[in-house]
Amino acid sequence: MTFNVNEEGFYGAFGGAFIPEMLYPNIETLRSNYLNIIQSDSFQTEYQYLLKQYVGRPTPLYFAERLSNEFKAKIYLKREDLCHTGAHKVNNTIGQILIAKKLGKKRIIAETGAGQHGVATATVCALMGLNCIVYMGSVDIERQAPNVARMKMLGAEVRPATSGSQTLKDATNEAIRDWIANPADTHYIIGSVVGPHPYPDMVTRLQAIISEEIRWQLKEQTGKETPDAVIACVGGGSNAAGAYYHFLEEEKTRLIAVEAAGHGIDSGESAATSVLGSKGIIHGSRTLLMQDEDGQIIEPYSISAGLDYPGIGPLHAHLIRSKRAEAISITDQEAIDAAFHLSRIEGIIPALETAHAFAALHKMKFNQDDCLVINLSGRGDKDLGTYQKFMK
Ligand SMILES: *Cc1c(COP(=O)(O)O)cnc(C)c1O
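In my numbering, the protein residues as written are 275 to 666.
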């Protein structure tokens with residue numbers, strides 16, 4: 275079985291490009307150019323330079339000794355929280371802005387939920403001197419005020435999406451509408467491994483630097499390149515895709531995908547797409563998504579705005595349905611507990627999204643002394659307001 279995308283943009287039964295005709299020229303330009311650009315020397319030279327000197331890569335692979343003792347395993351943390359702007363998202367935006375420049379684009383649009391992708395996009399637009407417009411649901415604009423301020427500070431325009439639940443899915447719809455209206459000069463930087471082909475594959479390749487580094491860092495520290503498991507939280511799935519990529523063909527490395535169960539899988543307020551979802555089309559891709567009998571999207575819920583999405587990337591739908599990856603779902607409360615625990619046992623405050631991955635340690639079975647890598651996708655500064663509500 276292969277886990278790479280095929281010519282038509284499918285991972286098994288999932289993926290493809292189900293888009294309105296008006297979007298064809300944009301998507302086709304991207305599809306026929308992205309691999310050549312990514313593989314070119316001039317792209318790689320600039321991308322690798324910026325990852326090193328601007329983003330701060332390689333990020334450390336840290337052996338968490340106290341956490342390891344507690345769980346009787348060898349637990350390594352991939353410190354994406356130490357990337358410039360505080361999460362893995364910038365690996366992708368740096369790559370996409372270089373691709374946009376090669377395609378001669380002058381104007382950048384993006385969607386954002388928690389604001390992390392919006393900040394990472396506004397950052398690289400400032401870096402390259404390009405115009406930046408970020409679509410964000412009005413509800414999210416209100417609950418993520420610090421990130422809205424960061425985007426504005428960086429010179430981006432934040433446009434509210436006022437339809438539907440006024441969150442991430444609605445912001446994505448607005449961004450797609452903008453792209454249809456401005457095909458010639460605009461590139462749309464999607465923030466996860468979602469959307470029509472080639473986005474899931476393009477974003478996966480740009481995040482794959484995470485597992486590329488994990489391999490040599492593990493080898494350096496343990497003598498062995500492959501861990502027994504890689505654990506990552508999944509919203510759309512970009513940090514997980516990057517952490518899995520160079521282990522996809524290593525059958526002995528378990529891939530653990532951690533989703534948000536919100537108030538509980540059966541509570542009606544959840545974002546556990548792989549359990550509750552069924553095959554359907556969202557934002558140009560055939561994948562698993564939460565929908566009712568009429569195909570209407572069921573509004574997702576998670577305490578963490580970054581996991582609050584009704585679908586998952588087609589790669590993850592394929593990995594989970596083919597049993598290459600195991601899905602685990604974590605409630606709000608379990609994630610909060612894990613965030614407090616990690617802060618106090620290792621001195622690292624994780625993002626709320628990331629805290630879900632740590633909570634999964636309690637739900638996994640593994641052997642004593644197994645080597646586990648947890649992708650620490652982002653830092654928790656943006657979530658202190660939420661954490662404060664749970665302090666005693
Ligand atoms: C955005 C975000 C996520 C969720 O997005 P993925 O595409 O699933 O990685 C997870 N963690 C952090 C810190 C984020 O900012």
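Even glycine gets a Cβ: it sits at the ideal position worked out from N, Cα and C.
Note that the structure is predicted; figures quoted are calculated from it, not measured.
- Message: If distances are taken between C-alpha atoms only, which option among R595, D475, L442, L550 comes closest to G283?
- Response: For this step, residue 283 is matched to residue 9 along the sequence shown. Comparing Cα-Cα distances from G283 to each of R595, D475, L442, L550, the minimum goes to D475.
- Message: Across the region 446-462 and the region 379-395, are there enough close Cβ pairs to call them in contact, namely three or more that are closer than 8 Å?
- Response: Yes, since at least three Cβ pairs between the region 446-462 and the region 379-395 fall closer than 8 Å, the two stretches touch.
- Task: Compute the beta-carbon to beta-carbon distance between T397 and T359, rounded to the nearest angstrom, for a pair I have assumed lies under 8 Å.
- Result: As a working note, residue 397 is residue 123 in the sequence shown. As a working note, residue 359 is residue 85 in the sequence shown. With a contact defined as Cβ atoms closer than 8 Å, T397 and T359 qualify at about 6 Å.
- Flag this pair as yes or no: are the beta carbons of I488 and V477 separated by less than 8 Å? Locating residue 488 in the sequence shown gives position 214, counting from the first residue. Locating residue 477 in the sequence shown gives position 203, counting from the first residue. 8 Å or more divides the Cβ of I488 from the Cβ of V477.
- Of the residues S603, A430, K426, L341, the one placed nearest K637, counting alpha carbons only: Start at 1 with the first residue of the sequence shown, and residue 637 comes out as number 363. Nearest of S603, A430, K426, L341 to K637, Cα basis: S603.
- Message: Could you check whether I454 and L297 sit closer than 8 Å to each other, using their CB atoms as the reference points?
- Response: To locate residue 297, count along the sequence shown from 1; it is residue 23. To locate residue 454, count along the sequence shown from 1; it is residue 180. In this structure, I454 lies closer than 8 Å to L297 by Cβ.
- Out of Q565, F292, C406, T605, state which residue places its alpha-carbon closest to the alpha-carbon of L581. Residue 581 sits at position 307 when you count from the first residue of the sequence shown. Ranked by Cα distance from L581, the options Q565, F292, C406, T605 are led by T605.
- Tell me, to the nearest whole angstrom, how far the beta carbon of A515 is from that of A534; I am working on the premise that it is less than 8 Å. Against the sequence shown, residue 515 aligns to sequence position 241. Against the sequence shown, residue 534 aligns to sequence position 260. Beta-carbon to beta-carbon, A515 and A534 are separated by about 17 Å, too far to satisfy the 8 Å threshold.
- Message: Is A361 close to ligand 1? I mean its beta-carbon at under 7 Å from any heavy atom of the ligand.
- Response: Your numbering for residue 361 matches position 87 in the sequence shown. Within the cutoff, so yes.
- Task: Can you have a look at N366 and say buried or exposed, based on whether 16 or more other CB atoms are within 10 angstroms of its CB?
- Result: Your numbering for residue 366 matches position 92 in the sequence shown. Buried, since its Cβ has 16 or more Cβ neighbours within 10 Å.
- What did DSSP end up calling P434 once you bin it into helix, strand or coil? Mapped onto the sequence shown, residue 434 falls at position 160. P434 carries a strand assignment under DSSP once its states are collapsed to helix, strand and coil.
- Item | Proximity to I371 [Cα-Cα], best of S342, A482, I610, L304 | Start at 1 with the first residue of the sequence shown, and residue 371 comes out as number 97. Looking only at S342, A482, I610, L304, the smallest Cα-Cα distance to I371 is reached by L304.
- Item | 8 Å Cβ cutoff met for D481 and N513 | Here residue 481 corresponds to residue number 207 of the sequence shown, with the count starting at 1. Here residue 513 corresponds to residue number 239 of the sequence shown, with the count starting at 1. As written in the sequence, residue 481 is Gln, which differs from the Asp given in the question. Against a cut-off of 8 Å, the Cβ pair of N513 and Q481 comes out as a contact.
- Item | Whether D414 touches G652 by CB criterion (8 Å) | Position 140 of the sequence shown, counting from 1, holds the residue named residue 414. Position 378 of the sequence shown, counting from 1, holds the residue named residue 652. Not closer than 8 Å, so no.
- Task: Under 7 Å Cβ to Cβ from R598, same chain only, skipping five residues before and after it: list those, please.
- Result: Here residue 598 refers to the residue found at position 324 when the sequence shown is read from its first residue. The residues are F277, L529.
- Residue ranges of each alpha helix (DSSP H) within the region 349-433, 4 or longer: Listed in chain order, the complete alpha helix (DSSP H) runs (minimum 4 residues) inside the region 349-433 are 363-376, 390-402, 412-417, 419-427.
- Query: Under three-state DSSP, which class holds A287?
  - Reply: The count along the sequence shown starts at 1 and reaches residue 287 at position 13. In the structure shown, A287 falls within a coil segment according to DSSP collapsed to helix, strand and coil.
- Item | Start and end residues, alpha helix (DSSP H) containing L442 | Your numbering for residue 442 matches position 168 in the sequence shown. Segment 442-455, the alpha helix (DSSP H) holding L442.
- Cβ pair G509, Y583 closer than 8 Å: For the purposes of this step, residue 509 is taken as residue 235 along the sequence shown, with counting starting at 1. For the purposes of this step, residue 583 is taken as residue 309 along the sequence shown, with counting starting at 1. Their beta carbons are under 8 Å apart, which means G509 touches Y583 by this criterion.
- Report the partner residues of A599 according to the DSSP bridge assignment. Counted from its first residue, the sequence shown places residue 599 at position 325. As a beta-bridge residue in DSSP terms, A599 pairs with L529.
- Query: Does the distance from the CB of G625 to the CB of D657 come in under 8 Å?
  - Reply: Position 351 of the sequence shown, counted from the first residue, corresponds to residue 625. Position 383 of the sequence shown, counted from the first residue, corresponds to residue 657. Rather than Gly, the amino acid found at residue 625 in this sequence is Ala. A Cβ-Cβ contact shorter than 8 Å links A625 with D657.
- Message: With a threshold of 8 Å on Cβ separation, who are the neighbours of E344 within its own chain once the five nearest residues in sequence on each side are excluded?
- Response: Here residue 344 refers to the residue found at position 70 when the sequence shown is read from its first residue. Scanning its chain for C-beta atoms nearer than 8 Å, with the 5 sequence neighbours on each side dropped, one finds around E344 the residues I619, in chain order.
- Task: Could you say which of A579, E499, Q491 lies nearest to N421 if we only look at CA atoms?
- Result: By one-based count along the sequence shown, residue 421 stands at place 147. For N421, the nearest C-alpha among the options comes from A579.
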